[in-house]
Each structure stands twice: as structure tokens, then as C-alpha cells.
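Residue 470 is where the sequence shown ends in this note's numbering, and the numbering goes up by one at each step.
Input: a single structure, listed below in C-alpha cells.
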Amino acid sequence: MKGAAVRQLQTDLVKLGFMTQSQMDTGPGTFGPRTLKALKDFQSAKGLSADGIYGPRTREALQRAMSGGGTQGTQGKDGFDDKGGPSTRPSTPPPADRPKPGGLLGRAYADNSQKAANAKLSTGGRYAAELRSIANLSPQKRRQIDEIARKADLPPALVAGIWYREASFRDGVYLHNGDPLGTPTTHVPKGIFFRKDQFVEAAVHALREKRSTQKELNLHYNSTDLGAMATYAEAYNGYGYRNKGVTSPYSFAGTDQYRGGMYVADGKYSASTYDRRLGIVAIAKEYMRHG
């Protein structure tokens, strides 16, 4: 198929993050293999049959996603969103396509996938204000996030989460650990150096240090697998929480899957401290909902 209708479909899929502008530019208005894959990914994310056919149900789901309607939950008695889903809904890959990492990473992925599928967003207190800050990110910040995500070939929602966790969306810092650019890092990992004007380059460097983890989790720019994002984030931050049998706030704070406990400094854990910042899952959900 070719024509204006296909071009509009491609434009919508780009806006929703299921294909990139460069992919569309290889054949604007032509329904080729890239558009087919993007449409199937969208259908899978929406719980539809991933047959690549742009039929009435798929068209209706796309229209709802573009208008931001039909997925926003309401606050329940427990203070958590009863749906918690973004309009660009994170998906669980079908069994044939699901990553199969081994060892600790595999166990973390299985655990995090289940938690991510059940997670409800907090709708009260500080978390609500932080969610609003994600929803209201400036176009400039979103462009920076997208640039880093494309260069690292990681989902923008995951990049946004890591930037928030490491530096509260501040420029001029290392995403490795939040140290200021322009001097070698003093926190783990130590001794890394980028100039003050190299924020994007430093961010990509930090993310690429986990390329093997990224590959095992089959994460790429268009990924919507929230369990894989949570697991990448946990590996990025370290397995200290898992070793204590505690859900990582780095991945799950701001959802009902996190029950407290926090490392207040490198190697110093406090069971009575509660992380009031959002975790990667909450950020990714909100970021994709407003993407």
C-alpha cells in the first residue's frame, strides 16, 4: 500500500515511539517492512492480535493513543492508580520474542516483569508532584532525551528515568553517578572524564557501559518491555537491594511494588528510610503516556 493514509499511520507511529523518523523517511507513505513491524509492536503493546493489519480495532486503539484517552486510571482507596497505564502502553513480549538472559539477570528479569505488569502508580503526596514534572517536561528536555536514546539505542522512557534518578534532569553532570562534568568522577565509577560541554557524550558513555546487559534484555530504541527496562535499571544501579531481598526503589519507587528501604550512601542501607523519588517504572509509564 502507498498513499496519504499510510503516511498518516507512519506519522502517528513515530509520535507514539513505535518507529523513528529516520525509519519513516526511508519510505514515507509506503507500507513496507519497517511500518509493518512498528504496527505489530503497537498492536502487541495494546493487547491486540499482532497481525500487522490496520483494521477497525487497531485504528480505534491508535486514535485513542493519539488523543491520550482511554487508559488513564482513577485513584483507588489505597492511593494508587487503578490502571496506571500510559497511552503508549508498555508491553510484555510474546514468549517467542521474550529475552532469555541467564543467571542473576534472568532471575531479575522474571521477577521485574511480573512486578512491572502488576505495578500501580502512586497518586498521592510527593509522588504525584513528581509525576506531574515528568508529564510537563519541556520540549528541549525531550529532545535531549531522544538524542541520547537514539545514540545509545535505548528506549527514551528508560533514558528519562535514569537521567531523573541520577541527576534530576540537570545538565552538566555525569549520568554515571551525578558528579559534575568538567572534572574526573569521584564516586563509583571513579576517574571518568568529560568536558562540561559534553553532557550528551557522557550520558551515552554511561549507558553503553551496560551494552552486554542491554543486548541480553533485547532493549533498543523502540522497546516497550517495561520488565526489561526495570531490569536494566536495576543492573545499572547495582543488585544491592536484591541481595537483601528488597524491591529496588531505583526501579519501583512510586508504585505499590515498593515497600521501603533505601541505600542512603554507597554501601549504607537503611531499612527504615523510604525513597521519595520516582523509580524507573513509574517514570517510564508517565513518560510514555505523555510521549
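Beta carbons are placed, not taken as given, at the ideal position from N, Cα and C, and that holds for glycine.
This one's a predicted model, so the numbers in the text were calculated from it and none came from an experiment.
Rounded to the nearest angstrom, what separates residue i and residue j at their Cα positions?
i: methionine 441; j: serine 228; result: 41 Å
i: glycine 208; j: asparagine 416; result: 42 Å
i: tyrosine 448; j: tyrosine 418; result: 13 Å
i: aspartate 220; j: phenylalanine 197; result: 7 Å
i: leucine 360; j: arginine 236; result: 49 Å
i: serine 317; j: isoleucine 341; result: 17 Å
i: asparagine 297; j: aspartate 445; result: 30 Å
i: methionine 408; j: serine 402; result: 9 Å
i: lysine 294; j: valine 367; result: 28 Å
i: isoleucine 459; j: leucine 398; result: 15 Å
i: leucine 218; j: alanine 385; result: 31 Å
i: methionine 245; j: alanine 184; result: 15 Å
i: glycine 406; j: asparagine 291; result: 5 Å
Sorted by chain position, which residues of the same chain lie with C-beta nearer than 6 Å to residue i's C-beta, five sequence neighbours on each side aside?
i: proline 272; result: Asp404
i: glycine 370; result: Pro363
i: glycine 248; result: Because glycine 248 sits at a pLDDT of 44, beneath the cut-off of 50, its placement in the model cannot be relied upon, and the following sentence gives the value as read from the coordinates. If we look at glycine 248 and ignore the five residues flanking it on each side, it has no Cβ neighbours.
i: methionine 180; result: Phe210
i: methionine 483; result: The chain is shown only over 180 to 470; residue 483 falls outside these bounds and no answer can be derived.
i: valine 425; result: Gly440
i: isoleucine 324; result: Pro335, Val338, Ala339
i: alanine 382; result: Ile327, Leu354
i: alanine 471; result: Nothing about residue 471 can be reported from this structure: the residues present for the chain run from 180 to 470 only.
For residue i, collect the residues of the same chain with a Cβ closer than 7 Å to its Cβ; drop the 5 residues on either side in sequence, then sort them by chain order.
i: threonine 365; result: Asp358
i: alanine 328; result: Pro334, Pro335, Val338, Tyr400
i: glutamate 395; result: Pro278, Pro280, Leu284
i: proline 428; result: Tyr437, Met441, Asp454, Gly458
i: glycine 182; result: Gly208
Enumerate in chain order the residues of its own chain whose CB-to-CB distance from residue i is below 8 Å, with the five nearest sequence positions on each side excluded.
i: alanine 314; result: Glu465, Arg468, His469
i: lysine 389; result: Tyr411, Ala414, Tyr415
i: leucine 215; result: Gly231
For residue i, count the other beta carbons within 10 Å of its own beta carbon; 16 or more makes it buried, fewer makes it exposed. Which is it?
i: tyrosine 453; result: exposed
i: proline 334; result: buried
i: glutamate 239; result: exposed
i: phenylalanine 259; result: Any reading at phenylalanine 259 must be qualified, since the residue scores a pLDDT of 42, below 50, and its modelled position is unreliable; the value itself is stated next. Buried: at least 16 other Cβ atoms inside 10 Å.
i: alanine 463; result: buried
i: phenylalanine 431; result: buried
i: arginine 305; result: exposed
Checklist entry - With contact counted as at least three CB pairs below 8 Å, one residue from each stretch, are the stretch 378-388 and the stretch 339-351 in contact? => result Cβ pair count under 8 Å is three or more, so yes.
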